[in-house]
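Residue numbers (the working numbering): 5 to 317.
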């Protein structure tokens, strides 16, 4: 009984430490492209835009913290110095011109300091640079449809549905990965595949009701509106699988229409794009096999390097 209690306490302490570490580091870097347990801040940045968003979040948090501490200090000072016991004869001062000027000018300066990087970041998000390829995302109740609109992709299109809980193990076996690599409510049967370090324009619309295309690691969130074509962009700087979700309440299964984007090397993307023209499922299997082989080779290389280091010692 006592032993079980100690285990629970240990787990609780670890969780509290993780939470405190996240707050101390202004949200901290998580080692995943998806939400993680006890995460208190933003996801790690996979694009330059998201890196700027994280910086701006930390920057404003510092300003907010300093203002809060200042106001707290003023409140404590007023309570201690101007209570009835410490100041039985209160002042009858009605105003102070200097103080009024200061508390008007200083907040204006603070807002300007916040506004400059805020507008710069906003324009960076909205102004689409010269792009390498275009992906059109269409929101449906309740899944996403994707189309590669560039001529070189020959109109490649597919739908992406949530992998239900009962099917996660089967899909994991098909892809040759542990079931933990198929996160609940985030993994999809088909994934958007894009090359690393390429600017991707994303056109977003909807076929029925309002949806929202959101990818936190990319700093992307844009409404999907029926009859309207909105645009956004991203340039992923690291390979891997990134997850997002619909972020506009769109009906009973709103929470079950995730977004999965797999960023791969240019060579892997070229091979996948060619194979996907004939059979998207077979192209995905070949891609997963290629990624698994590359990971195994990298692991073996790291192991050999470690053995070599030990031998030299």
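Cβ coordinates follow ideal geometry from the N, Cα and C atoms, glycine included.
Model, not experiment: these values are computed from the prediction.
Tell me which same chain residues have a C-beta within less than 8 angstroms of the C-beta of residue 235, skipping the five on either side of it?
Here residue 235 corresponds to residue number 231 of the chain shown, with the count starting at 1. Excluding positions up to five away in sequence, the list reads 132, 205, 206, 207, 208, 226.
Within 10 angstroms of the Cβ of residue 139, are there 16 or more other Cβ atoms? Answer buried if so, exposed if not.
What you label residue 139 is simply residue 135 of the chain shown in a count that begins at 1. Burial call: buried.
If residue 246 sits next to residue 222, beta carbons under 8 angstroms apart, how far is it from one beta carbon to the other, in whole angstroms?
Residue mapping note: residue 246 aligns to position 242 of the chain shown, counting from 1. Residue mapping note: residue 222 aligns to position 218 of the chain shown, counting from 1. About 7 angstroms separates the two Cβ atoms, so the contact holds.
Quick one: is residue 143 buried, meaning 16 or more other Cβ sit within 10 Å of its Cβ, or exposed?
Against the chain shown, residue 143 aligns to sequence position 139. With 16 or more Cβ atoms within 10 Å of its Cβ, residue 143 is classed as buried.
At the level of alpha carbons, what is the spacing between residue 285 and residue 68?
Here residue 285 is taken as the residue at index 281 of the chain shown, counted from 1. Here residue 68 is taken as the residue at index 64 of the chain shown, counted from 1. Going by the C-alpha atoms only, they are around 50 angstroms apart.
Would you be able to state if there are at least three C-beta pairs under 8 angstroms between the region 277–296 and the region 256–263?
No, because fewer than three Cβ pairs between the region 256–263 and the region 277–296 fall closer than 8 angstroms, the two stretches do not touch.
I need the straight-line Cα distance from residue 295 to residue 80, nearest angstrom please.
Within the chain shown, the letter at position 291 stands for residue 295. Within the chain shown, the letter at position 76 stands for residue 80. Approximately 59 angstroms between the Cα atoms of the pair.
Taking Cβ positions, are residue 167 and residue 192 nearer each other than 8 angstroms?
Residue mapping note: residue 167 aligns to position 163 of the chain shown, counting from 1. Residue mapping note: residue 192 aligns to position 188 of the chain shown, counting from 1. Cβ atoms of residue 167 and residue 192: closer than 8 angstroms.
Under three-state DSSP, which class holds residue 138?
Translated into the one-based positions of the chain shown, residue 138 becomes position 134. Note: residue 138 maps to strand in three-state DSSP.
Where does residue 215 sit, in a helix, a strand or coil, going by DSSP?
On the chain shown, position 211 is the one that residue 215 refers to. Here residue 215 sits in strand by DSSP.
Go ahead and label residue 184 buried or exposed: buried means 16 or more other beta carbons lie within 10 angstroms of its beta carbon, across all protein chains shown.
As a first step, residue 184 is located in the chain shown; it is residue number 180 there, counting from the start. So residue 184 ends up on the exposed side.
For residue 279, which residues from the same chain have a beta carbon less than 7 angstroms from its beta carbon, with the 5 sequence-adjacent residues on both sides left out?
Your numbering for residue 279 matches position 275 in the chain shown. Excluding sequence neighbours, residue 279 sits near 286, 287, 290.
Is any non-hydrogen atom of the ligand SAM found closer than 7 angstroms to the C-beta of residue 205, if you look at the structure I gave you?
Of ligands this structure carries none, so the ligand SAM is not represented either.
Looking at the unbroken beta strand (DSSP E) that takes in residue 148, where does it start and where does it end?
On the chain shown, residue 148 is found 144 positions in, with the first residue counted as 1. Looking at the DSSP string, the run of the beta strand (DSSP E) that includes residue 148 is 147–152.
Where does residue 61 sit, in a helix, a strand or coil, going by DSSP?
Numbered from its first residue, the chain shown carries residue 61 at position 57. If DSSP states are grouped into helix, strand and coil, residue 61 belongs with the helices.
Indicate the three-state DSSP secondary structure (helix, strand or coil) for residue 105 in the structure shown.
If you number the chain shown from 1, residue 105 lands on position 101. Of the three classes helix, strand and coil, the one that applies to residue 105 here is helix, per DSSP.
Using a 10 Å radius around the Cβ and a threshold of 16 neighbouring Cβ atoms, would you call residue 273 buried or exposed?
As a first step, residue 273 is located in the chain shown; it is residue number 269 there, counting from the start. The residue is buried, with at least 16 neighbouring Cβ atoms inside 10 Å.
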